[in-house]
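J.: Start counting the sequence shown at 1; every next residue gets the next number (UniProt numbering). Glycine included, each C-beta is placed from N, C-alpha and C at the ideal position.
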Amino acid sequence: MNAIATPNAEQAQLDIVDEFAFFGDWTERYQYLIDLGKQLPPFPDDLKTEDYRVHGCQSMVWLVPSGSADKLHFQATSDSAIVSGLIALVLRVYSDRSAHDIVATEPRFIEAIGLAKHLSPTRSNGLAAMLAKLKAYAAAMLA
1 MNAIATPNAE
11 QAQLDIVDEF
21 AFFGDWTERY
31 QYLIDLGKQL
41 PPFPDDLKTE
51 DYRVHGCQSM
61 VWLVPSGSAD
71 KLHFQATSDS
81 AIVSGLIALV
91 LRVYSDRSAH
101 DIVATEPRFI
111 EAIGLAKHLS
121 PTRSNGLAAM
131 LAKLKAYAAA
141 MLA
C-alpha cells in the first residue's frame with residue numbers, strides 16, 4: 001500500500017491495475033491480496049459490533065465510517081485474509097474522499113484486474129455488499 005495518499009480515486013484505481021499487472025498468475029495475485037490485508041491498520045475490537053457489520057459477506061467484515069461529507073474516512077477489517085486484502089483495495093479507492101466522489105466512483109479496478117472472474121460467488125457478493133454499504137454511508141452524508 002502506498003504511504004502517500006493518491007491524488008484521487010481514479011488514480012488509485014489505475015495504480016491498483018498497474019500493481020496487479022506485475023503478477024503473472026492468480027496464485028501470486030492472491031498472495032499480494034493477503035499481503036495487502038496484513039498491512040491494514042489495527043482495528044479496535046470495540047468497533048466489531050452488529051451496527052458496523054457488513055451483511056452479505058461469508059466472512060465477518062466490519063466497516064466504520066467517520067468524518068464529514070467533505071472527507072469521509074473508513075476503517076474496516078475481516079476475519080479472512082483474502083477479504084482483508086479486498087478491504088485494503090477498497091479503502092485505497094474510497095477512504096478519505098468526499099462523499100460526492102465516493103458515490104460517483106465506480107469500482108472499475110475490480111473488472112480491470114480480473115477480480116470479478118477469480119473470486120468465489122460468496123466473496124463477490126461480499127465485495128458488492130461492502131461497496132454498497134460504503135456508498136450508502138456516503139450517500140447519507142449528502143442527504
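1) Please confirm whether V61 and V93 have their CB atoms less than 9 Å apart.
2) Taking the DSSP output, what are the residues bridged to A76?
3) Can you tell me which of I110, S98 and R108 puts its alpha carbon nearest to the alpha carbon of L72?
4) Give me the residue from D101, A112 and G126 with the minimum Cα distance to V17.
5) State yes or no: is the C-beta of V54 within less than 9 Å of the C-beta of A129?
6) Express the C-alpha separation of H118 and D52 in angstroms, rounding to a whole number.
7) Keeping to the same chain, check which residues put their C-beta closer than 8 Å to that of F23; ignore five residues upstream and five downstream.
8) When the Cα of A136 is compared with those of D25, V103, F20 and D46, which residue comes out closest?
9) Assuming S59 and D79 make a contact with CB atoms under 8 Å, what is their CB distance in whole Å?
10) At which residue ranges does the stretch 8–52 contain complete alpha helix (DSSP H) runs of 4 or more residues, listed in the order of the chain?
11) When we look at the beta-carbon of T122 and count the other beta-carbons within 10 Å, is it buried (16 or more) or exposed?
12) Mark L142 as exposed unless 16 or more other C-beta atoms lie within 10 angstroms of its C-beta, in which case mark it buried.
T.: Taking the coordinates as given:
1) No, these two residues do not count as a Cβ contact at 9 Å.
2) Beta-bridge pairing links A76 to L63.
3) When the alpha-carbon of L72 is set against those of I110, S98 and R108, the nearest one is in S98.
4) Nearest of D101, A112 and G126 to V17, Cα basis: A112.
5) Contact flag set, yes.
6) What sits at residue 52 in the sequence shown is Tyr, not Asp. CA-CA distance, Y52 to H118, rounds to 27 Å.
7) Here the set comprises R29 and Y32.
8) The option with the nearest alpha carbon to A136 is V103.
9) About 5 Å separates the two Cβ atoms, so the contact holds.
10) Whole alpha helix (DSSP H) segments, 4+ residues: 9–21 and 26–38.
11) Exposed, by the Cβ-count rule.
12) Its Cβ having fewer than 16 others within 10 Å, L142 is exposed.
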